[in-house]
Structures are given as structure tokens and as C-alpha cells.
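Using the working numbering, you'd call the opening residue of the sequence shown number 1 and step up by one each time. Cβ coordinates follow ideal geometry from the N, Cα and C atoms, glycine included. Contents: one structure, followed by commentary.
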Amino acid sequence: MLMGVNTVMARSFERSMEAGTFGMIGDKRCMSNVPSKTSETNPSGFRPLSPHLPLYQPQLSSTLSIFNRIAGAFLAAVILLFYMIYIKVGSVSLTYDSFYQFIFYSSKLHLLVMEISALAVTYHLYSAIRHLRI
């Protein structure tokens, strides 16, 4: 019985390939390298991504989710840079004056990064608590 089903499917596939209707479901096309009728009627080739995108109003929950992801990525980058600068580079180049000059002249940068990191940790923590509550 299985051979019979495969034979029927193979013959159906061959007929659809010969007729040029492979990949069609009703009058819809699934796969083809031939231009569709819509591109023939629209010569510029412009097809909008979605009709609702210009009308989309950002919601509070999606905006907060995006900011939570940004805060998490920032915290991951700060931890990675802290590891690379203080642990790896510091142990390799303790005798280099350029490393000490970088640390000395970027002391205000450290304060700014620490303040932004504290804000990001707070936001990320409260966002996680809000996510667990819902």
C-alpha cells in the first residue's frame, strides 16, 4: 500500500511540474521564480511590508520590554569590559605607563559608567520583578 501512495504522489508531482503548477494551492503560489501578477500590475516593484505599520502606536509594555533588553545588554557589556580591563589587561601590562594613564585620565568615565550601571541594574531588577508578578 505504501508503494502505491508513493507512486500516486510521484505521478502527481510529475504532472504538476509538466503543467507548471507546482507550488500552487488553489490560485495562490507558494514557490516560484516567475513574477507574480501583482508585480506586473505594479511596475515600480514597491510592495509595503505590512499595511498596519504606519498606523502602529507603540504600547507601554513593548517599550518597557525594549528598554529592559537594552539595560541587560548594557550590563553584560560593562561586566565583560570590566573583566577585560581590570583583570586581564591589568595583570599583563602593570608595568606599562599607557595603561596607568588610561586608568588615570578615564576616572570621570568610570564614575559615569558606574552611575549608568546602577540605574540599569535598578531598572532591570524592577522590570524582572514586574515580569514575575504578571
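What does the alpha-carbon distance come out to for the pair residue i and residue j?
{"i": "S127", "j": "N68", "result": "7 Å"}
{"i": "Y123", "j": "S12", "result": "59 Å"}
{"i": "H131", "j": "V78", "result": "24 Å"}
{"i": "M84", "j": "S65", "result": "29 Å"}
{"i": "A76", "j": "Y56", "result": "31 Å"}
{"i": "F136", "j": "R133", "result": "Within the shown structure, residues of the chain are numbered from 1 to 134, placing residue 136 beyond reach of any answer."}
{"i": "D97", "j": "I116", "result": "28 Å"}
{"i": "A71", "j": "L125", "result": "10 Å"}
{"i": "F102", "j": "I87", "result": "15 Å"}
{"i": "S106", "j": "Y100", "result": "10 Å"}
{"i": "I129", "j": "L80", "result": "25 Å"}
Where do the N-terminal and C-terminal ends of the alpha helix (DSSP H) with residue i fall, by residue?
{"i": "M114", "result": "107 to 133"}
{"i": "I87", "result": "Unbroken run through I87: none, as it is neither H nor E."}
Using 10 angstroms around the beta-carbon of residue i, count the other beta-carbons present and answer buried if the total reaches 16, otherwise exposed.
{"i": "A10", "result": "exposed"}
{"i": "A120", "result": "buried"}
{"i": "A73", "result": "exposed"}
{"i": "A118", "result": "exposed"}
CB-CB under 8 Å to residue i, same chain, minus the five flanking residues each way: which ones, in chain order?
{"i": "R15", "result": "none"}
Between residue i and chain C, is there a C-beta pair that is closer than 8 Å?
{"i": "F102", "result": "Looking at the structure shown, chain C is missing, and only one protein chain is on hand."}
Can at least three beta-carbon pairs, one atom from the segment 59 to 66 and one from the segment 96 to 115, be found at a separation below 8 Å? no
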